[in-house]
Every structure is written in structure tokens, then in C-alpha cells.
Amino acid sequence: MRTTMPTRKRTRKTGRLLSAACLTAFLAIALAGAEKKPPPAEAVLAGTVFRDNGFALRGAEVHVTAAPDPAAQPKRKKSRNVEWRAFSDARGEFFLRLPAGPASYNVVVRAQGFEPQQKVVTFAASERLDFHFLMSPGAEKK
Numbered sequence: 001m002r003t004t005m006p007t008r009k010r011t012r013k014t015g016r017l018l019s020a021a022c023l024t025a026f027l028a029i030a031l032a033g034a035e036k037k038p039p040p041a042e043a044v045l046a047g048t049v050f051r052d053n054g055f056a057l058r059g060a061e062v063h064v065t066a067a068p069d070p071a072a073q074p075k076r077k078k079s080r081n082v083e084w085r086a087f088s089d090a091r092g093e094f095f096l097r098l099p100a101g102p103a104s105y106n107v108v109v110r111a112q113g114f115e116p117q118q119k120v121v122t123f124a125a126s127e128r129l130d131f132h133f134l135m136s137p138g139a140e141k142k
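Under our numbering, residues 1 to 142 are what the sequence shown spells out, in order.
Structure follows, in C-alpha cells:
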């Protein structure tokens with residue numbers, strides 16, 4: 001009986017130490033996760049591409065570039081040209097996430113057998129803008 005008693009006490013002490021170590025690790029992980037920065041704000045450009053007969057157009061390429069701002073002075077001689085691309089789905093819909101803030105973008109929609117459509121989109125802040133593009137038949141080739 002003497003051999004089982006000390007073993008039992010050691011098991012209880014080891015169990016308490018293990019529980020305390022797990023609790024400490026859990027709290028450390030929880031605090032580290034709480035200090036993370038929130039994701040940056042986004043502006044959303046969404047829309048639908050239609051054929052001239054009103055049906056959705058699948059596979060249209062939506063190409064977005066930052067519109068040049070004539071009032072802004074470039075800080076560097078070589079500015080990086082940032083582009084975003086998306087394709088319309090089976091329902092003709094597309095969705096793009098862009099940096100939030102006041103900005104203007106050139107949006108060009110192209111599809112094989114249709115004339116390209118272009119619009120200038122201006123965001124004031126973190127917002128969602130929805131647009132519709134009506135594609136007319138033409139000689140646009142990919």
C-alpha cells in the first residue's frame with residue numbers, strides 16, 4: 001500500500017501542473033489573437049453583364065485600372081500600374097474588391113463577338129457600387 005500512495009500524490013500534482021500549463025498556453029494564444037489588426041477597409045465593385053437581347057452574358061472579362069488623376073502630382077517618376085480582373089459568371093455577374101478611399105477607376109468589359117463597354121467609376125470611401133453593362137454585337141476578338 002505504501003507504493004500506491006506516493007504514486008497517487010504525484011499523479012495529482014502532475015495533473016494540476018499540466019492543467020495550469022494548458023490554461024496558461026490558452027490564455028497566451030487568446031491574447032495574441034486579440035492584438036491582430038482588423039482587415040483593411042475595402043470598396044466593392046459589382047455588376048451584371050447583359051447581351052443586347054437582355055440575357056446574361058457569361059465569360060465577359062471585366063478589367064479595372066486606376067484612373068489617372070490630373071490634379072494629383074505623382075510622388076514618384078515610375079508609378080505602379082495596378083490592375084484587377086474578373087469574369088462574369090453564368091448569371092452575368094461579377095464582383096471585385098478594391099482598396100477603399102476616394103478613388104476613380106476605369107472599368108472595361110470585353111467579350112468575344114461584342115463591342116467593349118467602358119465606364120469610369122468613382123468611390124468616395126468604403127462602399128459598394130453596382131453597375132450594369134449592356135453589350136452590343138460587334139467584331140471584338142479575344
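C-beta: ideal position from N, C-alpha, C; glycine also.
Inset, instruction - Could you spell out the range, first to last residue, of the beta strand (DSSP E) harbouring Gln117? - result: Here residue 117 is taken as the residue at index 117 of the sequence shown, counted from 1. 117-123 is the span of the beta strand (DSSP E), which, as asked, contains Gln117.
Legend entry - Three or more C-beta pairs below 8 Å linking the region 14-21 and the region 89-106: With a cut-off of 8 Å, the region 89-106 and the region 14-21 do not count as touching, because too few Cβ pairs lie within range.
Inset, instruction - Answer yes if the region 109-119 comes into contact with the region 56-66, meaning at least three C-beta pairs across the two stretches below 8 Å, and no otherwise. - result: yes
Inset, instruction - Rank Glu42, Ala25, Ala21 by C-alpha distance to the C-alpha of Ala124 and give the top, closest one. - result: As a working note, residue 124 is residue 124 in the sequence shown. Nearest C-alpha to Ala124: Glu42.
Inset, instruction - Have a look at Arg91 and Leu45 and give me their C-alpha separation to the nearest angstrom. - result: The count along the sequence shown starts at 1 and reaches residue 91 at position 91. The count along the sequence shown starts at 1 and reaches residue 45 at position 45. Taking the straight line from one Cα to the other gives about 16 Å.
Inset, instruction - Please report how far the alpha carbon of Glu83 lies from the alpha carbon of Ser104, in whole angstroms. - result: Translated into the one-based positions of the sequence shown, residue 83 becomes position 83. Translated into the one-based positions of the sequence shown, residue 104 becomes position 104. Their Cα atoms are separated by approximately 13 Å.
Legend entry - Same chain, Cβ closer than 7 Å to Ala67, neighbours up to 5 away in sequence not counted: Position 67 of the sequence shown, counting from 1, holds the residue named residue 67. Around Ala67: Ser104, Tyr105, Asn106, Val120.
Legend entry - Closest residue to Phe94 among Gly138, Asp52, Ala56 (Cα-Cα distance): For the purposes of this step, residue 94 is taken as the residue at position 94 of the sequence shown. It is Ala56 whose Cα lies nearest to the Cα of Phe94.
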